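Trainee:
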Amino acid sequence: MKATHPVFCTIVPPHVLDKLARADDPALAGPARRTLEADAAQRARRQFAPVLGATSAAPPGDAAARTPHRTVHDAEHLRNLPGRKARGEGDEPHRDATVNRAYAGLGATFELLLKAFGRDSVDGNGLPLVASVHYGENYGNAFWDGEQMVFGDGDEIFRDFTLPVDVIAHELAHGMTQYTANLTYFGQSGALNESVSDVFGSLVKQYADGQSADRADWLIGAGLLTERVTGVALRSMKAPGTAYDDDLLGKDPQPATMDDYVRTDRDNGGVHINSGIPNHAFYLLATALGGKAWERAGQIWYDTLTAGNLEADVDFAGFARATAAAAQARFGDGEEREALLKAWSRVGVPTG
Amino acid sequence: MRIAVRRTGGFAGIERYAEVDTSERPDAGEWHALAESAVAEGRGTPPVGVPDGFSYQITVDGKTVYCADPRLTEAQTRLISQVLEEGA
């Protein structure tokens, strides 16, 4: 099942869309109306939410038969998407390492979703995975455009965005969020959207490396900064606010707890800043439980995202309560739920 | 003509700002034509962007318009990269 135009689903709060949809300017009103229609379709779909949850209970034999359908394109430094096809599913490795890294990163993400959660691709229904590399010139960014991943080659600050597998998985996780909880990309729900992408980005890296929670670096974008920048990564889930401290970039602005929550209207209300808080809660839970982070902590987050009862504009507290309900449903009154409540408490988010 | 570009969002969430004063530039005419197109094609309010996409605010002689990746026009793409590369 494909959303009518998912590109426009994520960034603006519904009340703003309502206003835009009524605007006289058709350039504004058209997309806003399409978004509202798409959102309505998403809501209708969520009413059948048990179907979403059912994918995680799929028998292993069924899961093993599922395979990814990947296509990596080369944008050839232009901004036309998707660009020229470079490598399709099952093709021999390409001479371009960037193409191959993107292809492998899509595969690693598909693998975690299938093996750990029984999910068939980002939509749970075998969605083909499409990526474009070499987007634009000196383009220091990567994004999810609602239908595919897009990667730039970097600039004076960042290297090639296909280098860290967690960055590739982060973008793909935006797709999964779009097809599940569809968290509105603004304010706290936007920070949760970002955090979910960091969580699954880190889990893909840990799964691919076979790492346990205590051995993982819990960094997002390690190896992405050029030698000109003083820093180890873009974000740290273990110690938000410590990933970089640089003359050019400034200091990592992420808070670890609600005491340092940042109020801002930039960056869609600080979605890449306050994501540090739910990121740190996940880290605390995963390391308290120990072992492989995707098995219990990751399962709770996955269940929360796919339960079908999260409001798109849920705040941190609402999300925390939903994780508690998910932990209870999956593991009962065990150590998982206890560790979870403690993790949220330590970052200052109420669950009561 | 003063042309300012503020870029926010992106995977890193790191903001960049630069501006160019064209009054002393030999190629001022080209800058003006480009800036006028970019502004004419901009929005009065920030458009709906995409996850991790850059958002841009372009201000030309006090008038501000908005645009966001990946939906930039040719003039906006060129103006933004020129200002961020050559501006201070």
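Quick note, the sequences are listed as chains A and B, same order. At position 217 of the first sequence the residue is numbered 236 (the numbering used here), and the sequence of numbers has no breaks. At position 1 of the second sequence the residue is numbered 1143 (the numbering used here), and the sequence of numbers has no breaks. By construction, the Cβ of each residue, glycine as well, lies at the ideal position given by its N, Cα and C atoms. From a predicted model like this one, the values you see are computed outputs, not experimental measurements.
1. Consider the Cβ of VAL1207 of chain B: report whether some Cβ of chain A lies at a distance smaller than 8 Å.
2. Please name the residues in the region 277-308 of chain A whose beta-carbon is closer than 9 Å to at least one beta-carbon of chain B, in chain order.
3. Do ASP266 of chain A and GLY250 of chain A have their C-beta atoms closer together than 8 Å?
4. Would you identify the three-state DSSP class for ALA59 of chain A, choosing helix, strand or coil?
5. For a test of the three-state rule: what should DSSP assign to HIS193 of chain A, helix, strand or coil?
6. Between SER208 of chain A and ASN201 of chain A, what straight-line distance do the alpha-carbon atoms span, to the nearest angstrom?
7. Where SER214 of chain A and PHE335 of chain A are concerned, what is the direct C-alpha to C-alpha distance, given to the nearest angstrom?
8. Between ALA1160 of chain B and chain A, is any beta-carbon pair separated by less than 8 Å?
9. If you draw a straight line from the C-alpha of ALA341 of chain A to the C-alpha of ASP217 of chain A, how long is it?
10. If you compare alpha carbons, which of A:GLY220, A:GLY351, A:ALA227, A:ASN99 is closest to SER255 of chain A?
11. Is the beta carbon of GLY165 of chain A within less than 7 Å of some heavy atom of the ligand MN?
12. In angstroms, rounded to a whole number, what distance separates the CA positions of GLY229 of chain A and GLU1178 of chain B?
13. In this structure, how does DSSP classify LEU329 of chain A when only helix, strand and coil are distinguished?
14. By the 10 Å Cβ neighbour count, where 16 or more other Cβ atoms means buried, how is ASP278 of chain A classified, buried or exposed?
15. Which residue wins for smallest C-alpha separation from ARG234 of chain A, given the options A:MET195, A:GLY310, A:ASP185?
16. Looking at C-beta atoms only, is the number of pairs between the region 142-150 of chain A and the region 89-103 of chain A that lie closer than 8 Å three or more?
17. Indicate the three-state DSSP secondary structure (helix, strand or coil) for TRP320 of chain A in the structure shown.
18. So that I know if they touch, is there some Cβ in chain A lying closer than 8 Å to that of PRO1168 of chain B?
19. Please compile the residues from chain B whose C-beta is within a distance smaller than 7 Å of the C-beta of TRP163 of chain A.
20. Check for me: the alpha helix (DSSP H) holding HIS153 of chain A runs from which residue to which?
21. Excluding the 5 residues flanking THR323 of chain A on each side, which residues of the same chain have their C-beta closer than 6 Å to its C-beta?
22. Of all the options A:LEU222, A:ASP174, A:ALA275, A:VAL169, which has the alpha carbon lying nearest to the alpha carbon of PHE136 of chain A?
23. With a threshold of 8 Å between beta-carbons, can THR1150 of chain B be considered close to chain A, or not?
24. Closest to TYR1159 of chain B by C-alpha separation, out of B:PRO1212, B:LYS1205, B:ARG1213, B:SER1197, would be which residue?
25. Is there contact here, the region 1176-1191 of chain B with the region 1203-1217 of chain B, by at least three beta-carbon pairs under 8 Å?
26. Is there a Cβ from chain B that is less than 8 Å from the Cβ of TYR204 of chain A?
27. Going by alpha carbons, who is nearest to ASP332 of chain A out of A:THR203, A:PHE350, A:ARG114?
28. Give me the DSSP bridge partner(s) of ILE239 of chain A.
29. So, helix, strand or coil for TYR1208 of chain B, using DSSP?
30. Rounded to the nearest angstrom, what separates THR117 of chain A and VAL1202 of chain B at their Cα positions?
Mentor: In short:
1. no
2. ARG285, ASP286, ASN287, GLY289, VAL290, HIS291, ILE292, SER294
3. no
4. A caution first: ALA59 of chain A carries a pLDDT of 42, below 50, which makes its placement in the model unreliable, though a value can still be read off. It is helical.
5. helix
6. 9 Å
7. 11 Å
8. no
9. 19 Å
10. A:GLY220
11. Ligands are entirely absent from the displayed structure, and the ligand MN is therefore not among its contents.
12. 54 Å
13. coil
14. exposed
15. A:GLY310
16. yes
17. helix
18. no
19. VAL1192, PRO1193, ASP1194
20. Unbroken run through HIS153 of chain A: none, as it is neither H nor E.
21. ALA341, THR342, ALA345
22. A:LEU222
23. yes
24. B:SER1197
25. yes
26. yes
27. A:THR203
28. A:ARG254
29. strand
30. 38 Å
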